[in-house]
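Residues in the sequence shown are numbered consecutively from 1, following the UniProt record's numbering.
Each residue gets a CB set at the ideal place from its N, CA and C atoms; glycine is no exception.
Have a look at the structure below, then the notes.
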Amino acid sequence: MKVTASAHSVKEVCQTLHLCRSTYYQYQHQTKPEQFKRRQVLYQQIRRIYFDHRRVYGAPKVHEELLREGYHASLKLVQKLMRHLGLRSIVVKKWRYEHNNYIDQMTYPNLLKQDFKAVKPNQKWAADITYIPTKTDGWCYLATIMDLYSRKIIAHKLSRHMTTELVVNVLNQACETRTVKAGLILHTDLGSQYRSTALETALKQHAIRHSYSKRGYPYDNSVVESFHARFKKEEVYQRTYKDYHEANLAQFSYIEGFYNSRRIISADGYLTPDEKEQLVS
């Protein structure tokens, strides 16, 4: 570090590492040269990982990525260095259920019963719709289907209208790209699109069993609800979309370019959805 400091001013070094000068002097005087050099490398790698992953990773996932890349550091040290750098993950607030008094009282079977675990792909799917605002096209609607084995988004489509056709198209997309066997469960909420005759007909054609969240029990579909909440915090709320086309490109980039292939999930042993699926391929 002394060699670096001799070639560059302390100000330049601190600006490069995004450190305050007090931290620089603290480690220079209290830490051995080889330790200081190692931490300099860790600072750089932590910043790279943090911004490469859309600023959504906290210390545990940054720590896991460091280990994957061969950098050995304790979680406690990573937490400390991230504090020095002022890096924090984008916090996702817990989803709160808003009671809907307009859903009828008919009984729909809940086959899933909050058992979100599957031993292999294509046993349990979950579907949902979320809203994305745009400047010129108003609200757009993202429909997704998640495989609960890997939490991979296996089908998704953005539409200007929240229609039955949207959810049927997404179901057909999933069935075209996955191996569907009789007995597969698709779990949804009690939205009118998911209670439509058209969707029920499509499900029967593929021998898929339909499971519904119980009225007043939001956690029945919490995994895919959590994905949408995270998608909004990590992507939608970070920018403003001009129109449908810009929003459509963004949702595709997030799901296919980041979430499925690069975003590690702690509940799955810090594997990405794609990596989880490769375990049984």
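Asked	Found
Since residue 204 sits in a beta bridge, which residues does DSSP pair it with?	Residue 204 is not bridged to any residue.
Look at the Cβ atom of residue 85, then the Cβ atom of residue 131, and state whether they are nearer than 9 Å.	no
On the CB-based measure, 16 or more other CB atoms within 10 Å of its CB, does residue 225 come out buried or exposed?	buried
What's the C-alpha gap between residue 275 and residue 261?	8 Å
In chain order, what residues of the same chain have a beta carbon less than 8 Å from the beta carbon of residue 122, not counting five sequence neighbours either side?	147, 149, 178, 179, 180, 181 and 184
Give me the DSSP bridge partner(s) of residue 209.	185
From the DSSP output, which residues share a beta bridge with residue 157?	143
Can you tell me the Cβ-Cβ gap for residue 189 and residue 112, rounded? I've got them flagged as a contact below 8 Å.	Wrong, their Cβ atoms sit about 12 Å apart, outside the cutoff.
Just how far apart, CA to CA, sit residue 265 and residue 64?	11 Å
Could you give the distance in angstroms between the alpha-carbon of residue 281 and the alpha-carbon of residue 142?	29 Å
Would residue 268 and residue 83 be called neighbours here (beta carbons separated by less than 9 Å)?	no
Where do the N-terminal and C-terminal ends of the alpha helix (DSSP H) with residue 274 fall, by residue?	273 to 278
Could you tell me the alpha carbon to alpha carbon distance between residue 196 and residue 263, rounded to whole angstroms?	34 Å
Could you spell out the range, first to last residue, of the alpha helix (DSSP H) harbouring residue 61?	59 to 68
Quick one: grab the DSSP three-state call for residue 118.	coil
Report the three-state DSSP secondary structure of residue 229 (helix, strand or coil).	helix
What residue does the beta strand (DSSP E) around residue 126 start on, and which one ends it?	124 to 134
By alpha-carbon positions, which one of 110, 78 and 89 ends up nearest to residue 215?	110
Drop a sphere of 10 angstroms on the beta-carbon of residue 252, count the other beta-carbons inside from all chains shown, and report buried for 16 or more, exposed for fewer.	exposed
How many angstroms separate the CA atom of residue 62 from the CA atom of residue 198?	44 Å
Less than 9 Å between the beta carbons of residue 171 and residue 248, yes or no?	no
Between which residues of its own chain and residue 137 is the CB-CB distance below 7 Å, once the five residues before and five after are set aside?	160, 243 and 244
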